[in-house]
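Asker:
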Ligand code: SF4
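Residue numbers (our numbering), protein chains in the order written: chain A, 2 to 199; chain B, 83 to 543.
1. Grab the span of the alpha helix (DSSP H) containing residue 280 of chain A for me, first residue to last.
2. Just to check, is the beta-carbon of residue 447 of chain B closer than 7 angstroms to a non-hydrogen atom of the ligand SF4?
3. Does DSSP put residue 213 of chain B in a helix, in a strand, or in coil?
4. Is the Cβ of residue 30 of chain A closer than 8 angstroms to any Cβ of chain C?
5. Starting from residue 29 of chain B, follow the beta strand (DSSP E) in both directions and report where the run begins and ends.
6. With DSSP as the reference, label residue 356 of chain B as helix, strand or coil.
7. Distance, Cα to Cα, residue 337 of chain B vs residue 197 of chain A?
8. Please return the same chain residues whose Cβ sits closer than 6 angstroms to the Cβ of residue 135 of chain B, not counting the five positions on each side in sequence.
9. Have a look at B/185, B/346, B/227 and flag the residue whose alpha-carbon is nearest the alpha-carbon of residue 126 of chain B.
10. Tell me the rounded alpha-carbon separation between residue 515 of chain B and residue 98 of chain B.
11. With a 10 Å radius around its C-beta and 16 neighbouring C-beta atoms as the bar for buried, classify residue 261 of chain B as buried or exposed.
12. For residue 343 of chain B, verify whether its CB is less than 7 angstroms away from any heavy atom of the ligand SF4.
13. Taking 7 angstroms as the cut-off, is the C-beta of residue 322 of chain B nearer than that to any heavy atom in the ligand SF4?
14. Can you find a heavy atom of the ligand SAH that lies under 7 angstroms from the Cβ of residue 326 of chain B?
15. Is it right to say residue 109 of chain A is buried, meaning 16 or more other beta carbons lie within 10 angstroms of its own, or is it exposed?
16. On a CA-only basis, which of B/356, B/374, B/195, B/114 is nearest residue 161 of chain B? Give me that one, please.
17. Whose CA, out of B/235, B/246, B/88, lies closest to the CA of residue 228 of chain B?
18. Among A/139, A/134, A/100, A/138, whose alpha-carbon lies nearest the alpha-carbon of residue 307 of chain B?
19. Grab the span of the alpha helix (DSSP H) containing residue 395 of chain B for me, first residue to last.
20. Considering just the uninterrupted stretch of the alpha helix (DSSP H) at residue 123 of chain A, what are its terminal residues?
21. Closest Cβ-Cβ distance between residue 35 of chain A and chain B: below 8 angstroms?
22. As a quick exercise: from B/177, B/241, B/150, B/157, pick the residue whose alpha carbon is nearest that of residue 104 of chain B.
23. Looking at residue 405 of chain B and residue 437 of chain B, is the spacing between their C-beta atoms short of 8 angstroms?
24. Throw me the rounded Cβ distance for the residue 118 of chain A and residue 49 of chain A pair, which I believe falls under 8 angstroms.
25. What residue does the beta strand (DSSP E) around residue 106 of chain A start on, and which one ends it?
26. Within 10 Å of its beta-carbon, does residue 96 of chain A have 16 or more other beta-carbons around it, so buried, or fewer, so exposed?
27. Output yes if chain A places a C-beta closer than 8 angstroms to the C-beta of residue 88 of chain B; else output no.
28. Does the segment 278 to 290 of chain B come close enough to the segment 149 to 157 of chain B that 3 or more CB-CB pairs lie under 8 angstroms?
29. Let me know the secondary structure DSSP gives residue 93 of chain A once reduced to three states.
30. Is residue 193 of chain A helix, strand or coil by DSSP?
31. Smallest Cα separation from residue 449 of chain B: which of B/407, B/428, B/390?
32. Reducing DSSP to helix, strand and coil, say where residue 174 of chain A ends up.
33. On the DSSP bridge assignment, give the partners of residue 87 of chain A in chain order.
34. Taking the beta strand (DSSP E) that residue 242 of chain B belongs to, which residues open and close that run?
35. Would you kindly report the start and end of the unbroken beta strand (DSSP E) that includes residue 139 of chain A?
36. Check whether the segment 295 to 309 of chain B touches the segment 272 to 286 of chain B, counting contact only when three or more Cβ pairs, one atom from each stretch, lie closer than 8 angstroms.
Here's what the structure looks like:
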């Protein structure tokens, strides 16, 4: 017998009688709060090390980015409206390694979670999987109507969607491995800016 | 660690305890992490319901594991993932070596996986001439120091920043005497970026594997798993059979519990869902048993397979905090490790279930409600019955049995004890008596209970 059959047979022989799955409904209704999600997101996101901006539109985003990033640095954007930057679809066939010198990457997220500041991005939003990790800085744009209270509602929203890859990103890359002192900027982006549109 | 292979928990703890200020510092740091967990848990009114739900989901998983494994496999294959099965550590290591060898890959980058620690993958690959670099900062530090991780979430929690500075100076060329965490982290960032960009193979662990969708989830704060996996040609993910959860929506329960329990964070920075390989690349999943199916059959201990490896039971354990992770001489240290290890080798790990005060704090913080301290207590009985009692305990118990076997000897021993306490306290308050460690011995009563009782009767007459 192969290891597969052996393992499955051993597991089958040793597992006990059927225990039912609990329902999640009670939990999900409990966590469907009426809090101001933008406020909550701002508080939690900032505590997690992100810069959170509530903005009126793309022009405001552009103004902030102009202040934060010098002209001439490599910026890749997944957002059509921010047209002065290299559009991600135009470089999608380049080798992932060639993005090592990207200073800023700007992407769209269709789902944000107020309880933990996490933003859901799928491969479709990223175009290139490594982009939000390899860039020195990351910016994510989200509409306030796409915020949900907790992870419970987040997975209700994701539902049975298919994707090759997806990630909840909740802040800049960080570590506390040296004597538990928090350092922002481990392997991934040194900062996360979140722009919340109306 | 060959040097620790022959030593048991009390002996290894004694080594750690030689440096008292370090013990206090270790103790306080972990307690601080535990306190952060409490604050995070108290913020959610539904915390207890979450724990109960998580525990019930895992109950269902364990009662149905073979079906879920097959379902996961079928869906993963459907997604284009290549699935392998390994009955034990040896087979796991061989599968990985074969995958690398076939492609002529001799260097791999790894993100944290306690399963590969359990299987001693690094040592094995090194012997085959394969260079493995751990990319989680804490793991990289202990790897450079030639040590195993001492904690499943905080691998180098036992190290001071000055020691890390020395290690980086020696291996990564940072300035001598540099101990600023920011500068040291930046040094590691530069070093590991180069590693990520040049490795053709990446290995990661698996936090959750979803039967319904065939995808798996990896949680990190640093983003190292993603940097490795997205840049490599081949991504190998090692998972224990118990990592399965039934449906995607159940992640909404477990991701809420995991980091709140671990460090008090509301979620890890990255919770990455791998469903299909990138175009032109490969994802391999190695599903590992290595004793887990046996544990599933041990009714008293099967609950330990619910563990989501948050580390909360270690942070709260008074013994772990004062004895250090390395004293457990097993990949997963602390209370949960002391339940898992005897399943693999009862003789070798007979000491571990005794490395606990049975205070119950571990069970109280466990996000999936494992009855940890009850299981430790049960292991003690199994181990004693099987004849594997740790030596120091056997001697003490034999002495006890001898003393208790005769009323005369019992009384004489009591008198002797009280005499010793009164006139020669140094004979008790020394290092040879394990009870004296970090305790003042109590003052002995003037008379024994027996004597007091006899006198009381007399007075009443
Ligand atoms: S046993 Fe419970 S508390 Fe300990 S690591 Fe596992 S899940 Fe966390």
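Yeah, the Cβ is synthetic: ideal placement off N, Cα and C, and Gly gets one too.
Answerer: Checking against the coordinates, here is how it stands:
1. Missing from the structure shown is residue 280 of chain A; chain A here goes from 2 to 199 and no further.
2. Residue 447 of chain B: yes, Cβ under 7 angstroms from the ligand SF4.
3. Residue 213 of chain B falls in the strand class under three-state DSSP.
4. No chain C is present in this structure, whose protein chains are A and B.
5. Chain B is shown only over 83 to 543; residue 29 of chain B falls outside these bounds and no answer can be derived.
6. In the structure shown, residue 356 of chain B sits in a strand (DSSP, three-state: E or B).
7. Straight through space, the alpha carbons of residue 197 of chain A and residue 337 of chain B are spaced by roughly 24 angstroms.
8. The residues are 335.
9. Considering only alpha carbons, the answer is B/346.
10. Any answer about residue 515 of chain B is weak, because its pLDDT of 47 lies below 50 and its placement is not dependable; what the coordinates show is given next. Taking the straight line joining both Cα atoms gives about 17 angstroms.
11. Its Cβ being crowded by 16 or more others within 10 Å, residue 261 of chain B is buried.
12. Yes, the ligand SF4 has a heavy atom inside 7 angstroms of this Cβ.
13. Not so, every heavy atom of the ligand SF4 lies at least 7 angstroms from the Cβ.
14. For the ligand SAH, the structure offers nothing, since it holds only the ligand SF4.
15. By the neighbour-count definition (other C-beta atoms within 10 Å, threshold 16), residue 109 of chain A is a buried residue.
16. Cα-wise, what sits closest to residue 161 of chain B is B/356.
17. Comparing Cα-Cα distances from residue 228 of chain B to each of B/235, B/246, B/88, the minimum goes to B/246.
18. Its Cα nearest to that of residue 307 of chain B, the residue A/134 stands out among A/139, A/134, A/100, A/138.
19. For residue 395 of chain B, the enclosing alpha helix (DSSP H) covers residues 394 to 398.
20. Here residue 123 of chain A belongs to no alpha helix (DSSP H); instead the beta strand (DSSP E) covers 120 to 123.
21. Not one chain B Cβ lies under 8 angstroms of residue 35 of chain A.
22. In terms of CA proximity to residue 104 of chain B, B/241 leads the group B/177, B/241, B/150, B/157.
23. Yes, they are a contact pair.
24. Yes, residue 118 of chain A and residue 49 of chain A are in contact; Cβ-Cβ is about 5 angstroms, under 8 angstroms.
25. If you look at residue 106 of chain A, you'll find it in the beta strand (DSSP E) that goes 105 to 109.
26. It counts as exposed.
27. False, the Cβ-Cβ gap to chain A never drops below 8 angstroms.
28. These segments do not touch.
29. Here residue 93 of chain A sits in coil by DSSP.
30. In this structure, residue 193 of chain A counts as strand in the three-state DSSP scheme.
31. The residue among B/407, B/428, B/390 with its C-alpha nearest the C-alpha of residue 449 of chain B is B/390.
32. Residue state, collapsed to three classes: coil.
33. DSSP output for residue 87 of chain A lists A/77 as bridge partner(s).
34. First-last for residue 242 of chain B: undefined, no H or E at that position.
35. For residue 139 of chain A, the uninterrupted beta strand (DSSP E) segment begins and ends at 138 to 144.
36. Two segments are said to touch when three or more pairs of C-beta atoms, one from each, lie closer than 8 angstroms; by this definition the segment 295 to 309 of chain B touches the segment 272 to 286 of chain B.
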